[in-house]
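Working notes, beginning with the structure itself.
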Amino acid sequence: MIALLDCNNFYVSCERVFNPSLRGKPVIVLSNNDGCAIARSDEAKELGIKMATPVFMIVDLIKKHNVQVFSSNYELYGDMSDRVMRIIKSFVQVVEVYSIDEIFLDLSNIKYQSIEQLAIDLRQSVQQQTGIPVTVGVAPTKTLAKMANRFAKKFKKKIGVHYAATKEAINEMLTVTEVGDIWGIGHQYEKLLLLHNIKTAFDFVNTNEEWIRKNMSVVGHRMVKEMKGIPCIKWEQTPPPRKAICTSRSFGNLLTKKHQIEEAVAAFTASCAQKLRKENTVANTLQVFVQTNPFRHEDKQYFASQDLHLRVPSNNTKELLSYAMRGLNNIFQNGFNYHKAGILLTDIVPSKFIQLSIFDKPESSQQKNLMKTIDKVNRNFGRDTVRFGSQGFDKQWHLRRQYLSKAFTTNPNEFLTIKI
DNA sequence: TCTGGGGTCCTAGGACCC
DNA sequence: TCTGGGGTCCTAGGACCC
Numbered sequence: 088m089i090a091l092l093d094c095n096n097f098y099v100s101c102e103r104v105f106n107p108s109l110r111g112k113p114v115i116v117l118s119n120n121d122g123c124a125i126a127r128s129d130e131a132k133e134l135g136i137k138m139a140t141p142v143f144m145i146v147d148l149i150k151k152h153n154v155q156v157f158s159s160n161y162e163l164y165g166d167m168s169d170r171v172m173r174i175i176k177s178f179v180q181v182v183e184v185y186s187i188d189e190i191f192l193d194l195s196n197i198k199y200q201s202i203e204q205l206a207i208d209l210r211q212s213v214q215q216q217t218g219i220p221v222t223v224g225v226a227p228t229k230t231l232a233k234m235a236n237r238f239a240k241k242f243k244k245k246i247g248v249h250y251a252a253t254k255e256a257i258n259e260m261l262t263v264t265e266v267g268d269i270w271g272i273g274h275q276y277e278k279l280l281l282l283h284n285i286k287t288a289f290d291f292v293n294t295n296e297e298w299i300r301k302n303m304s305v306v307g308h309r310m311v312k313e314m315k316g317i318p319c320i321k322w323e324q325t326p327p328p329r330k331a332i333c334t335s336r337s338f339g340n341l342l343t344k345k346h347q348i349e350e351a352v353a354a355f356t357a358s359c360a361q362k363l364r365k366e367n368t369v370a371n372t373l374q375v376f377v378q379t380n381p382f383r384h385e386d387k388q389y390f391a392s393q394d395l396h397l398r399v400p401s402n403n404t405k406e407l408l409s410y411a412m413r414g415l416n417n418i419f420q421n422g423f424n425y426h427k428a429g430i431l432l433t434d435i436v437p438s439k440f441i442q443l444s445i446f447d448k449p450e451s452s453q454q455k456n457l458m459k460t461i462d463k464v465n466r467n468f469g470r471d472t473v474r475f476g477s478q479g480f481d482k483q484w485h486l487r488r489q490y491l492s493k494a495f496t497t498n499p500n501e502f503l504t505i506k507i
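In this text, residue positions in the first sequence follow this note's numbering: the first is 88, and each later residue adds one.
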């Protein structure tokens with residue numbers, strides 16, 4: 088049996104832990120740049136606020152119902168996530184952390200009074216020790232566990248646990264699950280399936296597998312098998328090494344000048360390089376891209392990117408910066424309102440595999456130590472304490488984060504003070 | 001005024017090779 | 001007039017996830 092445990096309305100729940108007056112009120116948390124609502128409390132969902140709705144489209148609703156609004160506070164959410172995961176791991180050893188707010192548990196060798204009791208105890212412990220409400224779904228495969236979780240949220244709100252092991256229980260679940268709510272079915276596939284009168288997960292499972300293979304590739308076929316109780320999705324206890332690392336942002340304001348974009352791209356490069364060093368990997372290819380805002384129909388549009396192959400794979404910020412700046416110089420054109428830029432690193436390999444040609448000098452130990460030191464200072468004293476000149480200081484590209492709560496758990500200056 | 005960011009996997013089609 | 005076949009590798013684009 089596999090369990091999927093996930094935190095309810097995670098970002099909103101984190102805000103509520105440190106601000107109990109938010110309980111019972113509609114609350115939303117916004118994406119970067121305060122652009123869209125990406126987490127909603129139940130009350131906000133009831134008002135009809137959909138996932139990823141742009142804020143400017145719901146300003147009236149927010150005012151009218153006094154919806155509480157927060158910018159994303161990833162420092163806080165990341166730390167709260169660690170706490171939740173630690174508690175789960177103290178109960179179950181074979182786990183796969185799937186996202187910031189979800190974790191799969193392998194219950195096949197678990198010794199406990201009963202699986203249902205375990206689920207109930209997990210839920211209670213997390214609630215008690217972190218204040219975060221969670222839901223648990225248990226079933227024979229990952230896809231079914233996801234479905235059981237959704238089922239619990241919809242029909243078993245009170246206990247927050249659903250256990251679907253028997254054929255009858257699984258069939259009941261399949262029958263009430265809409266096809267668009269299946270894990271792996273997005274907008275396009277939902278449209279296709281509805282067009283063919285396939286409305287529920289039950290319909291889907293009973294569709295001709297040939298047809299599914301042809302119209303939805305092996306991905307669709309795998310989903311069906313999973314729903315028939317045959318596990319097809321790998322268990323990944325330790326996350327596989329990443330194949331790509333990307334840092335990109337929309338700017339807080341539209342930018343027109345090259346030096347402004349250079350600063351942003353330099354900062355993105357530094358961030359990518361740091362991620363590489365953290366994982367002890369190096370990149371062979373760097374892509375830099377810039378684009379205008381596709382929603383501004385009145386603006387001339389421009390999208391451009393360039394791939395640069397590094398002579399020697401690297402994770403050195405200075406080295407990567409020289410490529411990034413060269414690429415940007417090649418694609419930048421005057422006369423556009425730039426809205427977003429980014430750096431994408433690919434062909435990533437472990438740093439110990441660096442292959443030098445006979446003319447290349449290995450990175451000096453001096454450079455290595457410099458990077459190590461920069462990472463350490465920035466870890467201890469906050470991001471960007473030490474940076475390269477090209478990252479600049481005025482940050483014209485800065486994000487909007489108008490409604491940011493505090494780093495309640497990670498910054499000593501922002502700990503909550505309580506009067507007793 | 002205002003529409004996120006960071007990933008994965010799969011497939012089709014072109015380039016290239018023998 | 002007649003113009004192969006089979007394989008690999010790479011890339012772009014599309015689908016999905018949280």
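Using N, Cα and C, we set each Cβ at its ideal position, and we do this for glycine too.
Here R127 is bridged, per DSSP, to I115. DSSP places F291 in the uninterrupted alpha helix (DSSP H) bounded by 288–292. Counting other Cβ atoms within 10 Å of its Cβ, V146 stays below 16 and is therefore classed as exposed.
Here DSSP, grouped into helix, strand and coil, assigns F97 to helix.
In the three-state reduction of the DSSP assignment, K244 falls in the coil class. Take the alpha-carbon of H283 and the one of I435: they are about 42 Å apart. Between K112 and E130, the C-beta gap is smaller than 8 Å, which places the two residues in contact. The three-state reading of DSSP puts C359 in helix, counting H, G and I together. Taking a 10 Å sphere around the C-beta of W484, we find 16 or more other C-beta atoms and assign the residue as buried. For K150, the uninterrupted alpha helix (DSSP H) run begins and ends at 146–151, by DSSP.
Of the residues assessed, V306 falls on the exposed side of the cut-off, its CB having fewer than 16 other CB atoms within 10 angstroms.
In this structure the segment 284–295 does not touch the segment 341–356; the number of beta carbon pairs closer than 8 Å is below three. Rounded to whole angstroms, the separation of the alpha carbons of T356 and F382 is 26 Å. Distance from the CA atom of I418 to the CA atom of I441, rounded to whole angstroms, is 29 Å. Per DSSP, reduced to three states, the secondary structure at Y161 is helical. Classified as buried, D93 has 16 or more neighbouring CB atoms from the shown chains inside 10 Å of its CB. The shortest C-alpha to C-alpha distance from Q216 to any of C101, E450, E366 is the one to C101.
Here the alpha carbons of N367 and E385 stand approximately 45 Å from one another. It is roughly 37 Å from the alpha-carbon of M88 to the alpha-carbon of N106.
Boundaries of the beta strand (DSSP E) around I332: 332–342.
The three-state secondary structure of Q393, taken from DSSP, is strand. I461 and H152 have their C-alpha atoms some 47 Å from each other. Under the three-state reduction of DSSP, P327 is assigned to coil, being neither helix nor strand.
In the structure shown, D193 adopts extended strand secondary structure according to DSSP, grouped into three states. Rounded to the nearest angstrom, the gap between the Cα atoms of V225 and A235 is 6 Å. In the three-state scheme derived from DSSP, where H, G and I count as helix and E and B as strand, Y410 is classed as helix.
Annotated three-state conformation of L280 is helix, per DSSP. Contact between the segment 451–471 and the segment 413–428 is not established, with fewer than three Cβ pairs separated by less than 8 Å.
A residue is called buried once 16 or more other Cβ atoms fall within 10 Å of its Cβ, and V213 is buried on that count. Note that the C-beta distance between V375 and A411 is below 8 Å.
Assigned with DSSP and collapsed to three states, L231 falls in helix.
By the criterion of a C-beta distance shorter than 8 Å, S477 is surrounded in its chain by E349, E350, A353, L408, M412, once the five residues flanking it on both sides are discounted. When DSSP assignments are scanned along the segment 394–478, the uninterrupted stretches of alpha helix (DSSP H) that are 4 or more residues long and fall wholly within it turn out to be 404–418, 452–468. Per the DSSP secondary-structure output, L373 pairs in a beta bridge with L395, L432. Around the beta-carbon of G422, fewer than 16 other beta-carbon atoms lie within 10 Å, marking it exposed.
Taken through DSSP and simplified to helix, strand or coil, T368 comes out as strand.
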